[in-house]
Amino acid sequence: MTQFLALLLRNRLAAAGGIVLLVVVVLAVLTPVLPLANPDATDTANRFQPALSRAHLLGTDHLGRDLLSRLLWGTRLSLAVGFAAAIFAATLGAAIGIIAGYFGGRTDNLIMRGVDMLMAFPYILLALAIVAALGPGLGNALIAVAAVNIPFFARNIRGVTVGLAHKEFVDAARLSGLGHGRIILTEILPNVVPVIVIAMSTTIGWMILETAGLSFLGLGSQPPQADLGSMLGEARSALITNPLTSIVPGAMILVIVMGINLLGDGVRDALDPRLRSGALTRPMPATRVDRPTPPPAETEEGGAVLALSDLQTQFHVKKRVYKAVGGASLAVRPGECLGIIGESGSGKSVTALSVMGLVASPPGVITAGAARYDGQDLIGARYETLRRLRGDRIAYIFQDPLATLHPLYKVGDQLVEAIRCHRTVSKAEAWQRAIDLLKQVRIPNAESRASSFPHEMSGGMRQRVGIAMAMANDPDVIIADEPTTALDVTVQAQILSLLNDLRRERGLAIVFITHDFGVVGQLCDRIAVMYAGRIVEQGPTEAILTTPAHPYTRRLIACVPELGEGRRKLEAIPGLPPAVDRLDPGCAFAPRCEKARAACLTGEIALAGSGQRAVRCLFPETEIPSEQSA
Amino acid sequence: MTGYILKRLLSAIPVLLGITVIVFLIMALIPGDPALAILGSYATPENVAKLNRDLGLDAPLVARYFIWLGNMLQGDFGQSFALNRPVLDEVLERFSATLLLAGVSFVLCAVLGIAAGVISAARQYGMADKAITFVVLLGISIPSFFLGMMMILIFAVDLRWFPVSGMKMAYGGGGFVDVARHLVMPALALSVVATGVVARLSRGAMLEVLRQDYIRTARAKGVGEGRVIWGHALRSAMVSIIPVLGIQAGFVLSGAVYIEMVFQWPGVGRMLVDAILKRDILLVQGGVVFVAACYVLFNIAVDVAQSLLDPRIKT
Amino acid sequence: MTQGFRNWTRRGVLATGVAMSLALGAMSPAAAQTPPGVLIIGQIAEPKALDPAAVTAVNDFRILMNVYDGLVRYKSGTLEVEPALATDWDISEDGTVYTFHLREGVKFHDGSDFDAEAVKFNFDRMLKEDHPFHDTGPFPLAFFFSSVEEVSVVDPMTVEFTLNAPYAPFLSNLAYPTGLIVSPAAVEQSGGDFGRNPSGTGPFRFAEWKSNEHVILNANPDYWDGAPASETLVFRPITDANTRTAEMLAGGIDLMVEVPPVALSEFEGDRYKVFEQAGPHVWFLILNAKEGPFADKRVRQAANYAVDKTALVDNVLEGTAEVAAGPTPPAFAWAYNEDLEPYPYDPEKARTLLGEAGNEHPEVTFFVTEGGSGMLDPIAMGTAIQADLKAVGFDVKIETYEWNTFLGEVNPGLEGKADMAEMAWMTNDPDTLPYLALRSDAWPDKGGFNSGYYSNAEVDTLLEEARVATDQDERARLYKKMQTIVQEDAPWLFVANWKQNAVASEAVENFALEPSFFLLLKDVAKN
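Chains as they are written, first to last, in UniProt numbering: chain L, 1 to 630; chain Y, 1 to 315; chain X, 1 to 527.
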């Protein structure tokens, strides 16, 4: 609850709406004790007094009644009716929805058909008919407004209840012999309440508008009592000569409903767990770059088609800074395959995505370093430059192709698009090329498969499509981010050999990101091991696999099941990777390291080594000739 | 697909039958008499009773219902008591006016709402987003009849840009330009709330979609940002926007009642309100059934559009 | 100050709206002026039908009077009868036989001839249940002619009405829209749809009726009384008074009737002409004399003293009405009792009377309507009356109803439902209202409109006598006496006599309002 309030208040708009609403509500509550004129006392000789006139702050209406007083009394009435209608509709609607959703079957069918009917009935006419049947009066208008909103609640709540009715805890309650009533009250209702609250917060403003509408039509409050709607309705005939009497109640309705809507949005955001994490932000076209320090000079490491130097990428979430990549330097040459390995959260994917500015931003920010393609720094490059290179020279293959392929486009079209983004070719040509690509990645029946949607294909097929897409423009570099993780072993092997063939045939450079040493061995020439956003060890695949220098690498390799060894000797690493928003100085792995000593936790530890090998450890498993490496 | 449409059409029949029962019962239960509307101030209880006999309103309820339903199935909606003309003629004439108003408003709310939502999402937290969010908030908070009244005051009376009311000029009107000029204010006033709702929803849907991996894939392919937003993302977002459009169509149709009153638009909403007040039973019943049928059909069309858009939906 | 604020608020709203409209490419300022020769009239509602025998509302009469003629009509500016389709007439000594000599050479718009047969057809259709076209009704005002026993054709140009008893208002009723003559040929052709396909002999011919858009009439160049000055009349129903005013200000209509009192100030200046004409209208509250507090005459009188009628007519109605003294409006000059003074506004006296009645805080239910024929500004008036009554000790609960529902509640009588109800009547003869609404034999259960159950044997006698008296002076004496008694008995709370108003643009010429509340547009021209 406190968390909820805190979240609500943090949302400045919601807070503003809440305050406005609070002021209005307080005024409405205090109305009877405020020193106001009698709202019903007519003084026809002093009608339509302007605002700020003597004794009438907002002037008077068509019968000379004090407008301010009427406004506050009207507000009181409108608020009361709006809230009452919302509660009424929510309670009944929720009850109906829960019953339909919980019992399902015929009950559900019958109730929902009824709800459908009511929803197909123009709601104002339904409300009108109800008022016509019950007679005019604010109470009856309230009933009408509430009644026409019941279907809305019923439908919403039913949807949620259906989802809950088959959850384990409900089944458990049922098995333990609880009655339906008890289950609904103790198991279902608590879980539905947030949804009811959200639905109410979004409809209450609407209810006030609708009640005002009915009053406007003269079906609401009875004179001399007036809610805001009937004030507006009565003032309408004088709109042209005395707009003030219309504008005052109109503006009040606007203020109240705006306040409610703002607050309602806030409530929804605070109650919706997905939004609570602040995740509902959209990534910008390219990662934000905020590099206070000039990028490091180009290293002399010759022949690299893609070289990262001291790349740092952070996530700024509210006041916290997560250093996802804390300075990564890597290089890959044409025809070479570089593996980046690490546990999830080690920053390997972020490193890879940073290259082309594909880290979601917000919250991602690239804060330092350079990523050079053919000597050209991509960090901070113009969007158009990046776009031209994306998919054309440097292509990505992503994990989980079900999520990474657009679900509503045919795969052929998605390939065609990849081609036509960079080449001006006719659609037909591009389609032919797409089929060729599908054939290259060994998709059977490529011609017909091109017309399939992603959900119609198997995981392996989709991954091949992903590879075909990356290949579409014959790129120089492919960055493959765990492309085989979601696949079973046979398919995985096929994909790996496919990639291997491609790099041999075309001499493309591959950056292969994985958490699996088993995969690395089959494909990669060199490996970089990442931990907590930094490279802790790098070197030729063979060397690292046989003689890992960093304790972390060693432990990681130990996790890999050896083929043909029957029972594998699995040795999980105790503890969890550190949170990258509060990294202590020194070795990030130290807390989990058996060999950690006091020295490990003091100060920066450099990546040290010679030639191809380098390690970031004071007490490596294998001594590596000490020589500074970038 | 044909089978699916057919199935949906069949499932609409019980809903429509239910609506005939509801509207019939409501009209039967409302106190008051159609005879009063016909006889006016000079209605005496005696005359009223006689007229009710003449109108066949003294028959048993169930019999009246089935007579009405039977006639309607043969295309005979009966005769309006108050207007003295066939219900169907009146409903068709008035519905076409509403269709024009609500249709244009609906297109406005869909186009403007989606565009605003998309821009807002694409420029999240930017100036455009803030401006749109504010305007949208204003839009969903203002009573449409109040907005309409203010529009008349400013744009018709003071500035004389648009005609005050009606659908065409009283004399010699009816041309395209004429009707369009009459349409501007009511259509805008009517679409404001729905536009706001659609914009808010579209923004949310777009934000949701833009976080999806396939958007990153599109960007990684080098697809231009315009196409990413208006193509890839919007297409997916439409999957959740379209059902809301269906619901908004209902709101626009209902909201038309107020707008038709304020702008004297000769539409079916005003006709039904008048008819309810005058207890013009057959006109109310026929009108409501007609409107509801259109609404149900429209929603079927929405579902069909949905399934055409999203191949994952089983039809 | 008011003006200043108004401009200020407008400018404020304007600024927010202008940008939006500009973005939408607002079209050039409207050339809203309609062509000369075409007169566009803002009506207060959609007509119910264009069959004069079938309608009751003044709103419909305004159209009908331009399409049809009666045997007689009211002389311009008066309520006196003059020849129309009948050139002259004879009345038998005993006042029961009226012989009309018809105008030669008059044709209906559909080309058929106007003759004695046509007149007979019209009245038989209304009055004889066995007439083949009686089912084109109902004819709610047929009782205007309930004294007619037989209509007979003497020769093609002479028709004779035989009454079952002398009936003084007969000629006046013939001039009322219910007496307008329709084309028998057109009724035979259209049957029940005649109300939408009208044909008469009047100065304008029906051209088109589009629901809730307009009724268009075209000039009848062959009109027997001279060709009309305008080519076309367009009647636009604009139910919302505010929208109607806006249309007038924006030039969308040339002439509007029933200008809302608050809007009158908008039409000051040269661009508009404002018209005003008192007519036979009474606005009153029916008091339930059968039960509840108003069963006591003193409480009824107290209510009459308690309400500040002057404030009502001057302020709420902006001077568009006069304070009513009794049941008969001054527009019936010959029958109006000049000596009658309205109940003065005297709250003290009201309190005293309530004290005498032993009911210092009577609780009353008050039926108010939202609008309706001749009801002026019923909600505002009802609210103001409620406040005045409250000031002297009444506890008034208002219930508002839409007009038709309201009639459905009020006409069958207030018993068991309410203690008072708003009502207004516009009539053509001093007989009509009191005869229908004040006699003991006019209680709702006897088919009348005496919804407050007032009963005074002397009044009953006076009214019966006045009805059969053929001498106008004698009738006047009886009516005047009746007014004195009724005022004293206070079965109603007498409030106002309306002066109907209209606004025309400066281009409209020769327009005048009639005391009959009709809208006669034959000679009205628009430049």
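A virtual CB, placed ideally from N, CA and C, is assigned to each residue, including glycine.
Just verifying my parser: in three-state terms, what is the DSSP assignment at Met256/X? strand
Among Gln225/L, Met258/L, Arg504/L and Glu623/L, whose alpha-carbon lies nearest the alpha-carbon of Leu209/L? Met258/L
So, does the stretch 194-206 of chain L touch the stretch 194-213 of chain X, judging by three or more C-beta pairs under 8 Å? no
Tell me the DSSP bridge mates of Arg390/L? Ile394/L
Kindly say whether Ile44/X, judged by its beta-carbon, lies nearer than 7 Å to any beta-carbon of chain Y. no
Could you spell out the range, first to last residue, of the beta strand (DSSP E) harbouring Glu458/X? Looking at the DSSP string, Glu458/X is not in any beta strand (DSSP E); the run it does join, the alpha helix (DSSP H), is Ala457 to Val468.
Where do the N-terminal and C-terminal ends of the beta strand (DSSP E) with Val58/X fall, by residue? Here Val58/X belongs to no beta strand (DSSP E); instead the alpha helix (DSSP H) covers Val58 to Leu64.
Do you know offhand how far Leu244/L's Cα is from Gly229/L's? 15 Å
Given a cut-off of 7 Å, decide if Arg475/X and Ala168/X are closer than it, judged by their beta-carbon atoms. yes
Coarse secondary structure for Cys337/L, derived from DSSP in three states: strand
Rounded to a whole number of angstroms, what is the C-alpha to C-alpha distance between Tyr345/X and Leu317/X? 17 Å
Test: Ala421/X CB closer than 7 Å to a CB of chain Y: no
For the stretch 153-167 of chain Y, list every residue whose C-beta sits within 9 Å of some C-beta in chain X, in sequence order. Leu153, Ile154, Phe155, Ala156, Val157, Asp158, Leu159, Arg160, Trp161, Phe162, Pro163, Val164, Ser165, Gly166 and Met167
Determine, using beta carbons only, whether Pro223/L and Ile398/X come nearer to each other than 7 Å. yes
Cα-Cα separation, Leu36/L to Arg65/L: 11 Å
Tell whether a beta-carbon distance below 7 Å holds between Leu513/X and Ala502/X. yes
If contact is defined by three or more beta carbon pairs under 8 Å, each pair taking one atom from either stretch, is the stretch 323-340 of chain X in contact with the stretch 429-446 of chain X? yes
Rounded C-alpha distance that separates Gln492/L from Pro620/L: 33 Å
How do the stretch 71-78 of chain Y and the stretch 267-287 of chain Y stand: do at least 3 beta-carbon pairs fall below 8 Å, yes or no? yes
Name the residues in the stretch 236-264 of chain L whose C-beta lies less than 8 Å from a C-beta of chain X; which are they? Arg236, Ser237, Ala238, Leu239, Ile240, Thr241, Asn242, Pro243, Leu244 and Ile247
Terminal residues of the beta strand (DSSP E) in which residue 528/X lies: Coverage of chain X is limited to positions 1 through 527, which leaves residue 528/X absent and any answer about it impossible.
May I ask you to report which of helix, strand or coil DSSP gives Pro83/X? strand
Whose C-alpha, out of Arg534/L, Ile510/L, Ala532/L and Val529/L, is nearest the C-alpha of Leu523/L? Ile510/L
Helix, strand or coil for Arg442/L? Go by DSSP, reduced to three states. coil
Within a Cβ cutoff of 6 Å, which residues of the same chain sit near Met27/X, ignoring the five residues on either side of it in sequence? For Met27/X, the predicted structure reports a pLDDT of 42, less than 50, and the residue's modelled location is therefore unreliable. A value from the coordinates is still provided. Correct list: empty, nothing qualifies.
Between Ala170/Y and chain X, is there a C-beta pair that is closer than 7 Å? yes
Let me confirm a value: Ala63/Y is counted as buried when at least 16 other C-beta atoms fall within 10 Å, else exposed. Which label applies? exposed
Nonlocal neighbours in the same chain, by C-beta distance under 7 Å from Ser221/L, ignoring five residues either side: Leu77, Leu138, Ser215, Asp227 and Ser230
Looking only at C-alpha atoms, which of Val148/L, Thr404/L, Gln414/L and Leu239/L sits nearest to Ala472/L? Gln414/L
Give the residues from the stretch 328-358 of chain X that approach chain L closer than 9 Å (Cβ to any Cβ), ordered along the chain. none
Tell me where the alpha helix (DSSP H) around Ile98/L begins and ends. Leu67 to Phe103
Closest Cβ-Cβ distance between Gly229/L and chain X: below 7 Å? no
Using the C-alpha atoms, what's the distance from Ile385/X back to Thr211/L? 27 Å
Taking the alpha-carbon positions, what's the Ala30/X to Ala250/X distance? Residue placement at Ala30/X is flagged as unreliable, the pLDDT there being 43, under the threshold of 50; a coordinate-derived value is accordingly withheld.
Mind checking whether Ile241/Y and Ser191/Y have CB atoms under 7 Å apart? no
With H, G and I counted as helix, E and B as strand and the rest as coil, what does DSSP make of Phe48/L? coil
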